[in-house]
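Visitor: Residues in the sequence shown are numbered from 70 upward in steps of one, following our numbering.
Sharing a structure here in structure tokens format.
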Amino acid sequence: MDKRRIDKPIQSARDTRDRRPYFQRAIEAHVPRKFCRDLLNRVRFGAGSPKSDMAIYVRPRDVTQVYAPQNPRTRLGRKQSGMVLSGNWDSQRYSIDDNTKFISCRMHWVKGRDWESTPIFERLCREIEAGLTPDGCRTIEDLRARYAALDQIFEETRRLGRLLNMRELPAFFRREHGAVLLHIGHDGALLRAGGGAHRFAIARILDLPEMPAQMGVIHKDALKSGVLDKLRLPSDRLST
């Protein structure tokens with residue numbers, strides 16, 4: 070392994086800077102809509118209201134479930150970040166231990182299996198053969214390069230003892246946009262919601278004491294109960 074690369078912050082499988090104009094990235098990330106959402110949240114919920122793409126700080130071992138809507142068309146993702154939502158949307162969840170990516174990461178980083186013999190790699194290979202471009206990979210070689218980069222991220226994270234904030238990475242765009250995405254259910258449960266699945270697996274497998282994540286959707290009941298107040302700041306700042 071090239072140790073010169075480990076000395077640089079590489080906690081993204083794509084460590085190149087996004088060269089697209091800011092306004093193009095902002096439109097794709099729904100920033101104008103998010104700006105309006107932030108203003109409305111401030112009016113409805115006051116100074117403690119959630120902000121789109123804000124950072125929250127969680128203990129990885131506390132994230133035990135995955136958000137999984139039955140209808141993909143209703144999926145809540147990064148573009149809904151900061152939304153306060155009532156109803157039973159958060160009831161659609163399953164155990165993180167049953168997630169294919171998490172299972173594959175444990176097989177590789179804990180049990181020492183080659184990536185190419187894991188369920189996620191095999192699935193992505195089939196998608197590429199079908200003409201798709203999962204995770205931006207057009208060929209099997211692209212896929213191998215991506216997972217080699219993930220191995221470097223794992224080693225870097227183990228050495229540093231933490232996941233980097235997005236602003237520490239070359240691809241930084243806005244607040245914590247692009248980090249591990251977590252929704253917050255009515256009961257305060259942290260629900261992994263796509264986005265950053267491998268980084269989350271790294272943090273969980275290494276049993277990091279804390280990690281930064283991108284705020285997704287929060288249930289109105291959880292917001293009223295004050296759950297967000299405990300997640301706004303890293304633990305070292307909460308204690309001061």
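Where a beta carbon is used, it is the ideal one built from N, C-alpha and C, also for glycine.
(1) Quick check on the DSSP output: the beta strand (DSSP E) that includes Ile125 runs from which residue to which?
(2) State buried or exposed for Phe104, treating a residue as buried only when at least 16 other CB atoms are found within 10 Å of its CB.
(3) Cutting at 8 Å between CB atoms, please list the residues of its own chain near Val127, excluding the five before and the five after it.
(4) Would you kindly work out how many angstroms separate the C-alpha atoms of Ile189 and Pro141, rounded to a whole number?
(5) Does the segment 128–137 come within contact of the segment 154–165, defined as at least 3 CB pairs closer than 8 Å?
(6) Buried or exposed for Gln93, please, with buried defined as at least 16 other CB atoms from any protein chain shown within 10 angstroms of its CB.
(7) So, helix, strand or coil for Gln69, using DSSP?
(8) Return the residue from the list Cys206, Gly247 and Ser155 that minimises the CA-CA distance to Gly254.
(9) Could you tell me which residues DSSP puts in a beta bridge with Val135?
(10) Hey, how far is the Cα of Tyr216 from the Cα of Trp184?
(11) Using three-state DSSP, classify Val153 as helix, strand or coil.
(12) For His252, which beta-bridge partners are listed by DSSP?
(13) Do Val286 and Leu108 come within 8 Å of each other at the CB atom, strictly closer than that value?
(14) With respect to the alpha helix (DSSP H) encompassing Met176, which residues constitute its N-terminal and C-terminal limits?
(15) What does His288 pair with, by DSSP beta-bridge criteria?
(16) For the alpha helix (DSSP H) that contains Cys194, what are its first and last residues?
(17) Could you tell me the boundaries of the alpha helix (DSSP H) in which Val112 lies?
(18) With DSSP collapsed to three states, give me the class of Pro203.
(19) Alpha carbon to alpha carbon, how far is Ser186 from Arg102? Give it in angstroms, no decimals.
(20) Helix, strand or coil for Gly117 per DSSP?
(21) Can you tell me which of the three DSSP states Asp276 falls into?
(22) Could you give the distance in angstroms between the alpha-carbon of Arg73 and the alpha-carbon of Thr208?
(23) Alpha carbons only, please: which of Pro203, Arg182 and Ile172 is nearest the one belonging to Phe269?
(24) I believe Glu245 touches Met123 by the beta-carbon criterion, under 8 Å. Please report the beta-carbon distance rounded to the nearest angstrom.
Guide: To lay it out plainly:
(1) Ala124 to Val127
(2) exposed
(3) Leu251, Leu259, Glu279, Met280, Ala282 and Leu300
(4) 19 Å
(5) yes
(6) exposed
(7) Since the first and last residues shown for the chain are 70 and 309, residue 69 lies out of range.
(8) Ser155
(9) Tyr163 and Arg261
(10) 7 Å
(11) strand
(12) Leu260
(13) no
(14) Thr169 to Trp178
(15) Leu154
(16) Pro188 to Glu198
(17) Val100 to Phe114
(18) helix
(19) 42 Å
(20) helix
(21) coil
(22) Low confidence applies here, because Arg73 scores a pLDDT of 36, under 50, leaving its location unreliable; read the following figure in that light. Those two C-alpha atoms are separated by around 27 Å.
(23) Ile172
(24) 6 Å
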